[in-house]
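Visitor: Protein chains in written order, with this note's numbering: chain B, 898 to 1340; chain Z, 898 to 1340.
All C-beta atoms in this analysis are idealised placements derived from N, C-alpha and C, irrespective of residue type, glycine included.
1. Taking the alpha carbon of residue 951/B as the point to measure from, which residue in 922/B, 1172/B, 941/B and 930/B has its own alpha carbon closest?
2. Beta carbons nearer than 8 Å to chain B: which residues of the stretch 1075-1094 of chain Z have them?
3. Since residue 907/Z and residue 1004/Z should fall inside the 8 Å C-beta cutoff, what is the C-beta to C-beta distance between them, to a whole number of angstroms?
4. Using the beta-carbon of each residue, which ones in chain B are nearer than 8 Å to residue 1307/Z?
5. Between residue 1301/Z and residue 1007/B, what straight-line distance do the alpha-carbon atoms span, to the nearest angstrom?
6. Does any residue of chain B have a CB that is nearer than 8 Å to the CB of residue 1164/Z?
7. I'd like to know whether the C-beta atoms of residue 987/Z and residue 1001/Z end up nearer to each other than 8 Å.
8. Can you name the start and end residues of the alpha helix (DSSP H) that residue 1282/B belongs to?
9. Straight-line CA distance for residue 1055/B to residue 1148/B?
10. So that I know if they touch, is there some Cβ in chain B lying closer than 8 Å to that of residue 1253/Z?
11. Chain Z partners of residue 1310/B, CB-CB under 8 Å?
12. Any beta-carbon of chain B closer than 8 Å to the one on residue 1313/Z?
13. Between residue 1148/Z and the ligand SAM, is the CB less than 7 Å from at least one heavy atom?
14. Examine chain Z for any beta-carbon lying closer than 8 Å to the beta-carbon of residue 1280/B, and answer yes or no.
15. Could you say which of 1161/B, 1209/B and 1281/B lies nearest to residue 1023/B if we only look at CA atoms?
16. Considering only residues of the stretch 1205-1267 of chain Z, which uninterrupted alpha helix (DSSP H) runs meet the minimum length of 4 residues and lie entirely inside it, listed in chain order?
17. With distances taken from CA atoms, which of 918/Z, 1306/Z, 1130/Z and 904/Z is nearest residue 1220/Z?
18. Mind checking who residue 1189/B pairs with in its DSSP beta bridge?
19. Rounded to the nearest angstrom, what separates residue 905/Z and residue 1115/B at their Cα positions?
20. Grab me the residues of residue 1305/B's own chain with a C-beta within less than 8 Å of its C-beta, minus the 5 sequence neighbours each way, in chain order.
21. Are the beta-carbon atoms belonging to residue 1074/B and residue 1135/B less than 8 Å from one another?
22. Does DSSP put residue 930/Z in a helix, in a strand, or in coil?
23. Helix, strand or coil, according to DSSP, for residue 1121/B in the structure here?
24. Against chain Z, does residue 998/B count as a neighbour if the rule is that its beta carbon must be under 8 Å from one of theirs?
25. The beta strand (DSSP E) spanning residue 987/B covers which residue range?
26. At least one CB of chain B closer than 8 Å to the CB of residue 1025/Z: is that the case?
27. Just to confirm my understanding: we take residue 1218/Z, look at its own chain, exclude 5 residues before and 5 after, and list those with CB closer than 7 Å. What are they?
28. Return yes when the Cβ of residue 1072/Z is within less than 8 Å of the Cβ of residue 1268/Z, no when it is not.
29. Buried or exposed: where does residue 1150/B fall if 16 or more other Cβ atoms within 10 Å of its Cβ makes it buried?
30. Looking at the strands, I want to know which residues DSSP matches up with residue 1159/Z.
31. Opposite residue 1099/Z in the DSSP bridges: which residues?
32. For residue 1273/B versus residue 1283/B, is the C-beta spacing smaller than 8 Å?
33. Between the Cα of residue 1069/B and the Cα atoms of 1182/B, 1093/B, 927/B and 1154/B, which residue gives the shortest distance?
34. Please go through the same chain and pick out, in chain order, the residues whose beta-carbon is closer than 7 Å to the beta-carbon of residue 1280/Z, but skip the five residues on each side of it.
35. Using a Cβ-Cβ cut-off of less than 9 Å, give me the residues of the stretch 1261-1287 of chain B that come near chain Z, in sequence order.
36. For residue 972/B, which residues from the same chain have a beta carbon less than 6 Å from its beta carbon, with the 5 sequence-adjacent residues on both sides left out?
Following this line, the structure appears as structure tokens:
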């Protein structure tokens, strides 16, 4: 008899945790991902803001799973799932791939609600490519400002707007002011990088809505002390090449970053089962698709009830727990045992605000940490959960370097990442300062 | 009176060395480069082969020159030089930029002789983007081979051909066998990465022709011991998607890398002065363009006589010396002193061959080193000349990690770098192994 085959779609936290839990068991595991690397998403904003290199927060999936000899990793994009024939199709592969059990862990993308045209002007942050794109925009804004002579245009180049006051938005906003004021300042001759404006727009009444209210307030104060303008109840109504509209209000900026809202992976739809509003898959308590205990969904794509109306949050620890739980339920079925309901263990939530400050809500808000203590805790947790010894060491050293020298080491602009940005940075008409110096005061 | 303005085109070794030599003097310096970073090209092949991260061998040019307060750095592409009006034009800038003195240090690109169509199938190695492209091809070859069932196609995927037996070609070829045999092997389930073929093609009668003959022979033996097939007098007559032709001989390979031949930057032509065969600018002994002591050319773009017929080689130390010399000659002119002829101090040449082995020719071949001693010397020199403390530390740690654990940490494939490669890796028809297992031996 052939071995039972478990196919896992996605090598993020959920998929990897399922593969590890199945490692060494008597099933054959096939993990398929669109990329060759696992990405430690909680630190992605640090790649976007020149603090860390892409390779420091990624690890090849097949390297992570090298000791799980019953796991085969393949690079490919899954396009369809057919639950009736128990098979998936991969782009470019002529034959379907059969499964006995399926774990779908394909996550989410950022969503622009009903405004996909905003993506061009306000890139989001989900993949390494996204982070490189944001980093490039951010660095090019300074390069352009250094050429720019018109003070209004220059101010627009040095205005950074972040849309969305969740952890990603807060962490992005918190890191920019000090970086501009300290790390970049000695490198420019014509502009003063300390004159940047950083604006954080949140549509709701407070930032970090998943944290206790007192911590949201503390985070707002911490951000404001750094010089970030926090605007609450600010519903974005337009984004274009020239800036952001909030109703009648207009902010001129060429650097808008999107950290508001996610949409589920389209593979949720392929399962042909009810989805909740944002496209996440409504599941039975054991994480299987209703009526089909061969198919499990884990991670950000899963909609699992938790506290009454509130679903399990889309965070890395939840994905880890779900992946392991789905694996357990598969192995239980193979032993003829009933599956178990998933119970989310909420360890807590963390967010940093610049250098030295963070907030933490542990044990469902029972323990609240702020300030330097929370920041050290944040550092520790993130180093601990990074995949691979090399990454942990490397990130620690980078952070030490950044911290001690007020520097940012990863300031690389490369050409082909984003065709729309690869033209010469200065394209608007203006009089060259050098030329004027010659013609006017001239020698 | 306005200050004298020196414009430097290019932030490689030559341009940077000129800017540093002019730092603190009474001239105003403007350095223009197409990228925002200085690249330590001697280690670029290590980025291409997953040993180092792009950010470890680059440094922002404006950061490198932050202490030279009279130097302004601008990101831009120079399109024309007009020596009569003493001005250059930058793409997208409406006004010309005037210079009193000009230092052209725009280097070379790889040249495919009269076969530009080969570039698509055999990428060269000059920029960070080039290195990422080669790294991606290299990693995708293994990913594709893991899907591939046809043994002939699989063998073609695991055949790596390097065209050109200069230092870059030799270093690329030397690093591949051990990486495939050790670092990658535990990560794959279907292919044996130790079965790779690495072929080095050299058109001339020996590899490393600029080294003494005994060292070329030693390097050939070292490479062959590692398992590299070295083919001399092998003139490539065709490269396409399926492999390389050497006359009637044909090597099937999907991974061909180009390390043969450079062509000068097109800015050489813009100077409207005689060029030598490969497009390098023929200069007066003081490094100025004949008849125009306002314009200097340094680095790989400069054709300067050295030992009779042999010009100064296109290597980093020569570019460094030329940059500093051109700066000195500009300052001498400002003091009313005559310019001095450039004298190249040949410190020596180095090349590594895999792990533990290198060759070095010092003092014009008077001292020859081989084996581990030369390798340690190579390590030391390369760390010493890297720009920036952070890069030196980071590269040292990466190397220690790679060496101790036989690992390669930077194995990142990202999507948009190379559109032609971003489609699904497996595109040719074949029967899925998983499917066959099901249909044939099936459960």
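Guide: So, from the data block:
1. Put simply, of 922/B, 1172/B, 941/B and 930/B the residue whose alpha carbon is nearest the alpha carbon of residue 951/B is 941/B.
2. Correct list: 1083, 1084, 1085, 1086 and 1087.
3. So it is a contact: roughly 6 Å between Cβ atoms.
4. What residue 1307/Z touches in chain B: 952.
5. Rounded to the nearest angstrom, the two C-alpha atoms are 40 Å apart.
6. Not flagged as an interface residue toward chain B: residue 1164/Z, since no C-beta distance is shorter than 8 Å.
7. Their beta carbons are not under 8 Å apart, which means residue 987/Z does not touch residue 1001/Z by this criterion.
8. Residue 1282/B: member of the alpha helix (DSSP H) spanning 1268-1282, first to last residue.
9. Using only the alpha carbons, I get a separation of about 12 Å.
10. No, no contact with chain B.
11. The answer, in chain order, is 932, 933, 934 and 972.
12. Per-residue confidence for residue 1313/Z stands at a pLDDT of 42, beneath the threshold of 50, marking its modelled position as unreliable; no derived number is given.
13. The ligand content of the structure shown is nil, which means the ligand SAM is not present either.
14. So, not an interface residue.
15. Of the candidates 1161/B, 1209/B and 1281/B, the residue whose Cα lies closest to the Cα of residue 1023/B is 1161/B.
16. Fully enclosed alpha helix (DSSP H) runs of 4 or longer: 1213-1231.
17. For residue 1220/Z, the nearest C-alpha among the options comes from 918/Z.
18. 1186/B, per the DSSP bridge assignment.
19. Between residue 905/Z and residue 1115/B, the alpha-carbon positions lie close to 50 Å from each other.
20. If you ignore the 5 residues before and after residue 1305/B, its C-beta comes within less than 8 Å of the C-beta of 946, 947, 948, 1076, 1080, 1081 and 1299, all in its own chain and listed in chain order.
21. No.
22. Here residue 930/Z sits in strand by DSSP.
23. Residue 1121/B falls in the helix class under three-state DSSP.
24. Cβ-Cβ to chain Z under 8 Å: no for residue 998/B.
25. Looking at the DSSP string, the run of the beta strand (DSSP E) that includes residue 987/B is 984-987.
26. So, interface residue.
27. Answer for residue 1218/Z: 1241 and 1242, listed in chain order.
28. Using a Cβ distance threshold of 8 Å, residue 1268/Z and residue 1072/Z do not count as a contacting pair.
29. Under the 10 Å beta carbon count, residue 1150/B is surrounded by 16 or more other beta carbons and is classified as buried.
30. For residue 1159/Z, which the question treats as bridged, DSSP gives the partners 1007/Z.
31. Partner(s): none; residue 1099/Z has no beta bridge.
32. Cβ distance not < 8 Å, so residue 1273/B and residue 1283/B don't count as in contact.
33. When only C-alpha atoms are compared, the closest one is 1154/B.
34. Around residue 1280/Z: 1289, 1292 and 1293.
35. Listed by position, the residues of the stretch 1261-1287 of chain B near chain Z (Cβ gap below 9 Å) are 1285, 1286 and 1287.
36. The beta carbon of residue 972/B is closer than 6 Å to those of 933 in its chain, skipping five residues each way along the sequence.
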